[in-house]
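Number of protein chains: 2
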Amino acid sequence: MTTPPVVGVIGIGAMGLAIAKNLLSRGHLPLVRDVRREAEDEARELGMEIASSPAALADRVDLVLVVVVNAAEVEAVLFGADGVAAGRTRRATVMVCSTIAPEAVIGCAERLRALGIDLIDAPISGGPARACAGTMSMMLAGDARRIAEFDAILTCMANRRFIISERVGDGARIKLVNNLLAGINLVAAAEAFALGERMGLDPRRIYEVICESSGDSWVFQDRMGRVLEDDFGPRARVPILTKDVGLATRMADGVGAATPLGRAALARLEQTVAEGYAGLDDAAVIKTYRP
Amino acid sequence: MTTPPVVGVIGIGAMGLAIAKNLLSRGHLPLVRDVRREAEDEARELGMEIASSPAALADRVDLVLVVVVNAAEVEAVLFGADGVAAGRTRRATVMVCSTIAPEAVIGCAERLRALGIDLIDAPISGGPARACAGTMSMMLAGDARRIAEFDAILTCMANRRFIISERVGDGARIKLVNNLLAGINLVAAAEAFALGERMGLDPRRIYEVICESSGDSWVFQDRMGRVLEDDFGPRARVPILTKDVGLATRMADGVGAATPLGRAALARLEQTVAEGYAGLDDAAVIKTYRP
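One line per chain: the protein sequences are Z and U, in this order.
Each residue of the first sequence is one higher than the one before, counting from 0 in numbering that gives the first Met the number 0.
Each residue of the second sequence is one higher than the one before, counting from 0 in numbering that gives the first Met the number 0.
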């Protein structure tokens, strides 16, 4: 490809908008689309062009990034009225960045393939700040030549790119395995931290010791750091990881794999939502452990 | 203290012997003691002097390190026949490095105090290799002046020393909180890794992606690295962490703290022992997850 690819972003929530901002700052002038008018207004003010529908967007770009919340939304933007599949040119490659079940992304890939459209399974991780800086991570599965074709743009978006396999679905699979683990490690961190508090230990000392000991984890350092500051302002709200751990345990059920810790973590995340903390950062799971 | 303190080590299993070797290599000529004749023979061959009993050892040293396996053994070496408490000089300070329940170490401290002997609550972490190199970590609780008095020797033993508080029991408490978390993170790592294997993902790719993503933990990197090499030779055998997670959940029960993930992890560790893997490294918990 001699000219840089034209990129469209469908779904400009926290992650999608951050990705679009990053592309804009690097001169890529992304075309964007969202069902929420206020999100489109914000993007317009930043200097982005708004497409009138997913189909209209797909007709004008080389690469469509789908960054919506769940499988139902992915399906809607791809196959709904004026969806990507209804476009006339069918030359754009679709990259699904949402965290959804492997069967869902496989199903989308098959339907698009029948229309001559390629799909890359490309879940992302790292949060809006890293997405905006181009330092998020990305797990890529699909046709190797197609992925290679977009290497320059992927390099702009994610400084950590993992080529998982050529099998669409493996991106979703490894993302769910990772998020299952992040979810369990988060609930575990809260359970242990709250136990230490209840034993009368100094919270800062607990944090300091665990960060340097065998109980350390990425999620412990990150989320318990917020707990120490009593800062539950949402970076990632509780329902997001709850959804992902639920998807992971259902994926495991589908192959007869046991997930006793995943189930216990899911129950605690659901309890966190039920106790009214859905609008807070997922570090708020510790509130369910406190007396 | 103008002359370096004389140190004795009671319990020269994997950790105790590694500590004694480290002290020997730094010219401290530790006096040692174990109930197992073969352990004492090994120490003698290394050039260490063997005491005839815990009491005899305590009479000749400034600091007694207790590095036995559990609370019953701690009690036996302190208060059994020819135990430390039966010594004549009673000038040595006792440092309990074993991972035991807070009430157990508090009980020992009270009984020793009545005899004029000080106890420092000092659980250790890091495994034999780090103990031998003097790079293990140590969580210290007890009289601050007494701890400071032995600063030079503690610096030789552990390059990471955490002064938790002046309250004996807090060393045990924070150690159990850490090991609870390490135990949950280990079982979680095995659960997620085995799920990834079952989904047909390349194990090396799983390892690489998780180590760089939000599911990362110290124990994942360490133990799943062994799983990748199919190396279950024991560094820490399954029953050790099983014991610690059991102690931690019982400590939590004592204050009415919920530990749903701790209980789920404990059940899986116990299952690992029940399935015949007690002699293997605790990474073997993954064997219970494989088809």
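Beta carbons: idealized from backbone N, C-alpha and C, even for Gly.
{"Asked": "In terms of residues, what are the limits of the alpha helix (DSSP H) holding D150 of chain U?", "Found": "150–156"}
{"Asked": "Would DSSP call I99 of chain U helix, strand or coil?", "Found": "coil"}
{"Asked": "Using a Cβ-Cβ cut-off of 7 Å, state whether N184 of chain Z counts as contacting chain U.", "Found": "yes"}
{"Asked": "In angstroms with no decimal places, state the Cα-to-Cα distance between A13 of chain Z and L200 of chain Z.", "Found": "37 Å"}
{"Asked": "Assuming M94 of chain Z contacts A55 of chain Z under a Cβ cut-off of 8 Å, what Cβ separation, rounded to an integer in Å, is found between them?", "Found": "That pair is no contact at about 18 Å."}
{"Asked": "Residue range of the alpha helix (DSSP H) that S136 of chain U falls in?", "Found": "It is not in any alpha helix (DSSP H) - S136 of chain U instead sits in the beta strand (DSSP E) that spans 136–140."}
{"Asked": "Could you tell me whether any Cβ in chain Z is nearer than 7 Å to the Cβ of I119 of chain U?", "Found": "no"}
{"Asked": "Starting from the beta carbon of I11 of chain U, find every residue of chain Z whose beta carbon is closer than 7 Å, and list them in chain order.", "Found": "By Cβ distance, chain Z contributes nothing, its closest Cβ being about 23 Å from I11 of chain U, past 7 Å."}
{"Asked": "On the DSSP letters alone, give me the boundaries of the beta strand (DSSP E) that G261 of chain U sits inside.", "Found": "Segment 259–271 is the alpha helix (DSSP H) holding G261 of chain U; no beta strand (DSSP E) there."}
{"Asked": "Count the C-beta pairs between the segment 168–176 of chain U and the segment 190–207 of chain U that are closer than 8 Å, then say yes if the count reaches three, no if not.", "Found": "no"}
{"Asked": "On the premise that S216 of chain U lies in contact with A188 of chain U, defined as a C-beta separation below 8 Å, what is that separation, rounded to the nearest angstrom?", "Found": "7 Å"}
{"Asked": "For V226 of chain Z, which residues of its own chain have a beta-carbon under 6 Å away from its beta-carbon, when the five flanking residues on both sides are left out?", "Found": "A282, I285"}
{"Asked": "For R159 of chain Z, which beta-bridge partners are listed by DSSP?", "Found": "Z:S136"}
{"Asked": "Taking a Cβ distance cut-off of 9 Å, strictly less, list which residues of the segment 252–273 of chain Z are near chain U, in chain order.", "Found": "V254, G255, A256, A257, T258, P259, L260, G261, R262, A263, A264, A266, R267"}
{"Asked": "Which residues in the same chain have their Cβ closer than 7 Å to the Cβ of A17 of chain Z, if we skip the five residues on either side of it in sequence?", "Found": "P127, A130, C131"}
{"Asked": "Check this for me: beta carbons of L30 of chain U and E44 of chain U, under 7 Å apart or not?", "Found": "no"}
{"Asked": "Cβ closer than 7 Å: which chain Z residues qualify as neighbours of D169 of chain U?", "Found": "L200"}
{"Asked": "In whole angstroms, what separates the C-alpha of A181 of chain Z from that of R110 of chain U?", "Found": "44 Å"}
{"Asked": "Which partner residues does G7 of chain Z have in the DSSP bridge list?", "Found": "Z:L30, Z:V63"}
{"Asked": "So, with DSSP's three-state summary, where would you put A68 of chain U?", "Found": "The amino acid at residue 68 of chain U is misidentified as Ala; the sequence shows Val. V68 of chain U: coil per DSSP, three-state reduction."}
{"Asked": "What three-state label does DSSP hand I173 of chain U in the structure shown?", "Found": "helix"}
{"Asked": "Mind checking which residues open and close the beta strand (DSSP E) that includes I119 of chain U?", "Found": "118–120"}
{"Asked": "Under 7 Å between beta-carbons, which chain Z residues line up against V208 of chain U? List them in chain order, please.", "Found": "M138, F161, I173, N177"}
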